[in-house]
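Asks: Okay, here's the structure, questions in a sec.
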Amino acid sequence: MATGPMPFKILSGGGGEDDDINLNRPHDYDELIATLPRSKLNFVLYQNFWWRERLLLGVIQIQQRFRPRPTDVFLATIPKSGSTWLRALTFTIMTRNQTPLAQNPILSHHPHDCVVFMDGIFAMGHGDKLESMPSPRILNTHMPYSTLPASVADCLIVYLCRDPKDIAVSMWKFLDKSQRPDVSKPFSFDEVCDMFCEGTSPYGPVWDHALEYRRESLRRPENVMFLKYEEMMEKTVVIVKRLAEFLGCPFSEEEEKEGVAEEVVRICSFESLKGLEVNKVGNQGIFQLYPNSAYFRKGGVGDWKNYMSPEMAEKIDGVMKEKLQGSGLVL
Ligand code: PAP
Numbered sequence: 040m041a042t043g044p045m046p047f048k049i050l051s052g053g054g055g056e057d058d059d060i061n062l063n064r065p066h067d068y069d070e071l072i073a074t075l076p077r078s079k080l081n082f083v084l085y086q087n088f089w090w091r092e093r094l095l096l097g098v099i100q101i102q103q104r105f106r107p108r109p110t111d112v113f114l115a116t117i118p119k120s121g122s123t124w125l126r127a128l129t130f131t132i133m134t135r136n137q138t139p140l141a142q143n144p145i146l147s148h149h150p151h152d153c154v155v156f157m158d159g160i161f162a163m164g165h166g167d168k169l170e171s172m173p174s175p176r177i178l179n180t181h182m183p184y185s186t187l188p189a190s191v192a193d194c195l196i197v198y199l200c201r202d203p204k205d206i207a208v209s210m211w212k213f214l215d216k217s218q219r220p221d222v223s224k225p226f227s228f229d230e231v232c233d234m235f236c237e238g239t240s241p242y243g244p245v246w247d248h249a250l251e252y253r254r255e256s257l258r259r260p261e262n263v264m265f266l267k268y269e270e271m272m273e274k275t276v277v278i279v280k281r282l283a284e285f286l287g288c289p290f291s292e293e294e295e296k297e298g299v300a301e302e303v304v305r306i307c308s309f310e311s312l313k314g315l316e317v318n319k320v321g322n323q324g325i326f327q328l329y330p331n332s333a334y335f336r337k338g339g340v341g342d343w344k345n346y347m348s349p350e351m352a353e354k355i356d357g358v359m360k361e362k363l364q365g366s367g368l369v370l
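Adding 39 to a residue's 1-based position in the sequence shown gives its number in our numbering.
Next up, the structure:
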């Protein structure tokens, strides 16, 4: 029997909007939702962070029912910070000895089918399916650290953050790709930028999200690794080697000689993944709302310059500077 991380296509054979009927809905869920403050763009405030309503149900179920295993690896991000890249790299690093690299499942499965989005699986009422996954499980989440079950402290967590200006553009462009007209472009680009400044972006405030994980990574560096998309772009091989060490599967001397880390980086690069047939066709995402290809838009740093006014960029930078003052973190 195969062990270790494996592709996990929970939606194989279909899946659509009707799948978000969650049969495990707590009886007082609607009452709770009705009491929560709402943002202008209709996100709800729960435990100091802003959530999409349909995903909050999954979050509450994770808090009530999910039992992390000490061998679990969590990949935590704010949406559009590079989770697809981090999932691909982590999965490939951890499975590199199960098959020759040229046959690694990352080349035949979408990265989101190799590493599941835990919050979405629970939101759909399929949380129990995670129980049958072999260890070590790799699980992606957007949940802030303080909202995860306390026992994740025993697990490994990799956090990836990104310049909020690039996140805003990425999110705006992503919404445009939705298969559902009422989801596509519900807000203007300026509204998206403003919600990052106000702290009401999904899973935000973006500064608190990053600060919580950063604090944990400073306190317990052996358990929590803190990464920045921009630094990963600059020195991918160096960071991939560090990531492998952190995950407990460092590249051996022989692998160093053979350039295995470099090959992992190449396989998981934006150009490589975007070019794969499996990532060009079909739909993805917990509610099958987005085409597989939507997760590979442009890749890279600084695309905000092509969309954002200098005034808006200054505004976002100013808010981040103020909120992160004294922390040593720059976003
Ligand atoms: P998610 O939150 O829906 O999972 P996520 O993968 O975090 O999305 O973010 C998508 C961004 O990562 C896209 O950025 P862009 O819109 O600025 O282009 C996407 O292009 C980028 N991305 C995807 N794969 C890679 C990769 N292999 N290397 C670098 N960037 C990538």
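Glycine included, each C-beta is placed from N, C-alpha and C at the ideal position. All of these numbers come straight from a predicted model, not from anything done at the bench.
From what residue to what residue does the alpha helix (DSSP H) around M359 run?
Replies: It spans 349 to 363 - the alpha helix (DSSP H) in which M359 sits, taken as one unbroken run.
Asks: Would you call the segment 159 to 167 and the segment 182 to 191 touching, i.e. three or more CB-CB distances under 8 Å?
Replies: As far as the Cβ criterion goes, the segment 159 to 167 does not touch the segment 182 to 191, which means the pair count is below three.
Asks: CB of A166 to nearest heavy atom of ligand 1: below 7 Å?
Replies: Checking the displayed sequence, the identity of residue 166 turns out to be Gly instead of Ala. False, no ligand heavy atom lies under 7 Å from that Cβ.
Asks: Do you know offhand how far A352's Cα is from K204's?
Replies: Rounded to the nearest angstrom, the two C-alpha atoms are 7 Å apart.
Asks: Exposed or buried, which one is G298 when buried takes at least 16 other CB atoms within 10 Å?
Replies: Exposed: under 16 other Cβ atoms inside 10 Å.
Asks: Indicate the three-state DSSP secondary structure (helix, strand or coil) for N179 in the structure shown.
Replies: If DSSP states are grouped into helix, strand and coil, N179 belongs with the strands.
Asks: Can you tell me whether R91 is helix, strand or coil according to DSSP?
Replies: Note: R91 maps to coil in three-state DSSP.
Asks: Identify every run of the beta strand (DSSP E) within the segment 178 to 260, keeping only runs that are complete inside it and at least 3 residues long; order them along the chain.
Replies: Counting only runs of 3 or more, we get 195 to 200.
Asks: Measuring only the C-alpha atoms, how far is E293 from I132?
Replies: Their backbone Cα atoms lie some 15 Å apart in a straight line.
Asks: Quick check on T129: buried or exposed, where buried means 16 or more other Cβ atoms within 10 Å of its Cβ?
Replies: With 16 or more other Cβ atoms within 10 Å, it is buried.
Asks: Going along the chain, which residues of its own chain have a beta-carbon closer than 6 Å to the beta-carbon of V154, five neighbours each way excluded?
Replies: These residues qualify, in order along the chain: R126, F130, I177, N179.
Asks: Count the other CB atoms, across all protein chains shown, that sit within 10 Å of the CB of L312; report buried if there are 16 or more and exposed otherwise.
Replies: Answer is buried; the Cβ neighbour count reaches 16.
Asks: Is the Cβ-Cβ distance between A115 and I196 less than 8 Å?
Replies: Going by C-beta atoms, A115 is nearer than 8 Å to I196.
Asks: Expressed to the nearest angstrom, what Euclidean distance is found between the alpha-carbon atoms of V83 and R64?
Replies: Their Cα atoms are separated by approximately 17 Å.
Asks: Can you give me the start and stop residues for the beta strand (DSSP E) that V112 sits inside?
Replies: Element bounds for V112: 112 to 116.
Asks: From what residue to what residue does the beta strand (DSSP E) around F285 run?
Replies: F285 -> not in any beta strand (DSSP E); alpha helix (DSSP H) instead, spanning 275 to 285.
Asks: Whether or not the segment 273 to 289 and the segment 232 to 251 are in contact is what I'm after, with contact meaning three or more pairs of Cβ atoms, one per stretch, closer than 8 Å; do they touch?
Replies: As far as the Cβ criterion goes, the segment 232 to 251 does not touch the segment 273 to 289, which means the pair count is below three.
Asks: With K267 as the anchor, note down where its beta strand (DSSP E) starts and where it stops.
Replies: It spans 263 to 267 - the beta strand (DSSP E) in which K267 sits, taken as one unbroken run.
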